[in-house]
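For reference, the structure is listed below as structure tokens.
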Amino acid sequence: DHSELSLAAAATAPLWEKLPDRDMERLLAVCRWVLEHPTEGLRAREVAVPGVDTKWIETRIRLVEQLVDAARSGRDSAAHDEPPIVSGLGLKRSDLRVRMRILDPAILFPLRDVESPVDQLAELWDDGTGPQHLVVVENLTTFLALPPLPGAVALFGRGFAVDAVAALPWALAALIVYWGDLDSHGFAILDRLRHHAPHAVSVLMDVETLDTWRDLTVTDPRPTRREPTRLTADEVATLELLTARGDLRLEQERIAWDWVLPRLRSALG
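Residue numbers for the sequence shown follow our numbering, beginning at 2 and rising by one.
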């Protein structure tokens, strides 16, 4: 019975509505397979769906994850008492690359700004001398504009940074500060980050920031309706306010740095 997949497909129509009919058939076939088989630890090309080329799956894995997450969320909430867990497929990403900036000149590292496969970054600081603080952002403009910060490095991963954190022992040992857009997607990413790093804290994702910079908000045409389960009470209140005001979005790069820096430094202790 794949009624939960049908409901999820209807709920996520903007993600796939422009797919050709044949690709939509492939997408549903892959999602059905994933819902019936464990995927933890597999690589994308090991998702062996009859009639679907593995390269097709690999190039559309994020779409598959979004649809499967929506189906699991609906199924879990209907079948169990515990809140739904939305955490992707658990696939290995040996080719996952993230970009890292060293924000503290005192941290010994030959490069200040480097992009590398995650498995190579994981080998850094294996003697326990890693950075004290990790700033995770999802916006390149913000990532490049981050100023020097004591004991800190920053990660930017084009949407993958939160998954990369789980594979970096030195990152998990640091104080993790997440700064995302003030919108439903930003809070969904924060919720996913806490699946890997429950101690992560958010910054500039609060009602005060939203109210102060309300004039710079826009309407999000495609908000996510996922129900996060790992947010604080204040974060939930902010998300609810964004939704109540018409699915607002405040992009992080629009906030003035004289507002950002005191709050970012305070979050880093």
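Built from N, CA and C at the ideal position, the CB exists for glycine as well.
Leaving out five residues on either side along the sequence, give the residues of the same chain with a beta carbon under 7 Å from the beta carbon of residue 303. Residue numbering for the chain in the displayed model covers 2 to 270; residue 303 lies beyond these limits and cannot be assessed.
In angstroms, rounded to a whole number, what distance separates the CA positions of residue 254 and residue 176? Along the sequence shown, read from residue 1 onward, the residue named residue 254 stands at position 253. Along the sequence shown, read from residue 1 onward, the residue named residue 176 stands at position 175. Between residue 254 and residue 176, the C-alpha separation is close to 23 Å.
What whole-angstrom Cβ distance do residue 239 and residue 211 have, given they're in contact under 8 Å? The count along the sequence shown starts at 1 and reaches residue 239 at position 238. The count along the sequence shown starts at 1 and reaches residue 211 at position 210. Contact flag correct, Cβ pair sits at about 6 Å.
Thinking C-alpha only, which one of 56, 270, 70, 251 is nearest residue 178? Numbered from its first residue, the sequence shown carries residue 178 at position 177. Of the listed residues, the one whose Cα sits closest to residue 178 is 270.
Own chain, CB closer than 7 Å to residue 219, minus 5 neighbours either side, in chain order: For the purposes of this step, residue 219 is taken as residue 218 along the sequence shown, with counting starting at 1. The answer, listed in chain order, is 250.
Three or more C-beta pairs below 8 Å linking the stretch 100-114 and the stretch 226-238: no
Report buried or exposed for residue 71, applying the criterion of at least 16 other Cβ atoms within 10 angstroms of its Cβ. Within the sequence shown, numbered from 1, the residue matching residue 71 stands at position 70. By the neighbour-count rule (16 or more Cβ atoms within 10 Å), residue 71 is buried.
To which residues does DSSP link residue 103 through a beta bridge? Residue mapping note: residue 103 aligns to position 102 of the sequence shown, counting from 1. The partner list for residue 103 (beta bridge, DSSP) reads 154.
Report the residue from 65, 189, 252, 187 whose alpha carbon sits nearest the alpha carbon of residue 217. By one-based count along the sequence shown, residue 217 stands at place 216. Cα-wise, what sits closest to residue 217 is 252.
State buried or exposed for residue 225, treating a residue as buried only when at least 16 other CB atoms are found within 10 Å of its CB. Here residue 225 refers to the residue found at position 224 of the sequence shown. Buried: at least 16 other Cβ atoms inside 10 Å.
Quick check on the burial criterion: 16 or more other C-beta atoms within 10 angstroms. Buried or exposed for residue 184? In the sequence shown, the residue the question calls residue 184 occupies position 183. The residue is buried, with at least 16 neighbouring Cβ atoms inside 10 Å.
Just to confirm, is the Cβ distance from residue 197 to residue 166 under 8 Å? As a position in the sequence shown, residue 197 is number 196, starting the count at 1. As a position in the sequence shown, residue 166 is number 165, starting the count at 1. Against a cut-off of 8 Å, the Cβ pair of residue 166 and residue 197 comes out as a contact.
Looking only at its own chain, which residues have a Cβ that is under 8 Å from the Cβ of residue 28, when we skip the five neighbours before and after it? What you label residue 28 is simply residue 27 of the sequence shown in a count that begins at 1. So the list reads 17, 20, 61, 64, 65, 68, once near-sequence residues are dropped.
Mapping the DSSP letters down to three states, classify residue 239 as helix, strand or coil. Reading the sequence shown from its first residue, position 238 is the one you call residue 239. In this structure, residue 239 counts as helix in the three-state DSSP scheme.
Simplified DSSP assignment, three categories, for residue 170: The residue you call residue 170 lines up with position 169 of the sequence shown. If DSSP states are grouped into helix, strand and coil, residue 170 belongs with the helices.
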